[in-house]
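Plus 179 on top of the position in the sequence shown (first one is 1) and you've got my numbering. Glycine included, every Cβ here is placed at the ideal spot set by N, Cα and C.
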Amino acid sequence: MSNDWREAAAAAARNLGFDKPLRELAPEHWQIVLASVEDRMRLRGGSAPPGWRRALAHRVGRSDAGCAEALVLAIKAKREEIAAHVAQELGLGKLAGLSREDRAAVDLQTDETIEGCTADSPEPADCSDADRTMRRLLAEHRSLKEQQADENGA
């Protein structure tokens, strides 16, 4: 892994307004930085080799590098954020106050939204009408899932 990746991560963090060193970023901010680095690689026509996220995390001194349990928890937390946004969009209010039936409806819509808005979905949905917050949440969820696949494949 070249220093370009570390420099790209540092630049992404600065551009996103994160003022802490990369090793000290909150896990959710680190995920945003990783997504930004990956987007930059794609824009330049490159592709990420297996294990790049773990290698970059180790290189910048992150203590959560390769922590599968933390990654699973981050994915679940991101899904809950998406569910909360879905509940608001459906006019149902906060997740904590939902009936069992409403929560089931939100969970179903959340799963369909996540699966339908992935690039490799067998039946991709048109997610262009999603608001900025939902697009961001879905991008962060996708980045976490890609990191999990990356970790599992490395």
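Classify residue i as helix, strand or coil using the three-state DSSP reduction.
i	result
Gly276	helix
Ala342	Residue 342 is absent from the model: the chain starts at 180 and stops at 333.
Ser322	helix
Lys255	helix
Asp310	coil
Taking the C-alpha atoms as reference points, what is the distance between residue i and residue j?
i	j	result
Thr270	Ile254	The identity of residue 270 in the sequence shown is Gly, whereas the question assumes Thr. Their Cα atoms are separated by approximately 24 Å.
Trp231	Arg315	22 Å
Phe197	Leu323	19 Å
For the alpha helix (DSSP H) that residue i lies in, which residues bound it at each end?
i	result
Ser215	Pro206 to Leu222
Ala227	Taken as a continuous stretch (DSSP letters only), Ala227 belongs to no alpha helix (DSSP H), as it is neither H nor E.
Within the same chain, show all residues whose beta-carbon is closer than 7 Å to that of residue i, passing over the 5 residues directly before and after it, in chain order.
i	result
Ala318	Ala214
Gly240	Arg202
Give a single yes or no on whether residue i has its beta carbon closer than 7 Å to a heavy atom of the ligand GTP.
i	result
Arg219	Because no ligand of any kind appears in the structure shown, any question about the ligand GTP cannot be addressed here.
Within the same chain, show all residues whose beta-carbon is closer than 6 Å to that of residue i, passing over the 5 residues directly before and after it, in chain order.
i	result
Trp184	Leu235
Contact the stretch 284-291 vs the stretch 308-315: 3+ CB pairs below 8 Å: no
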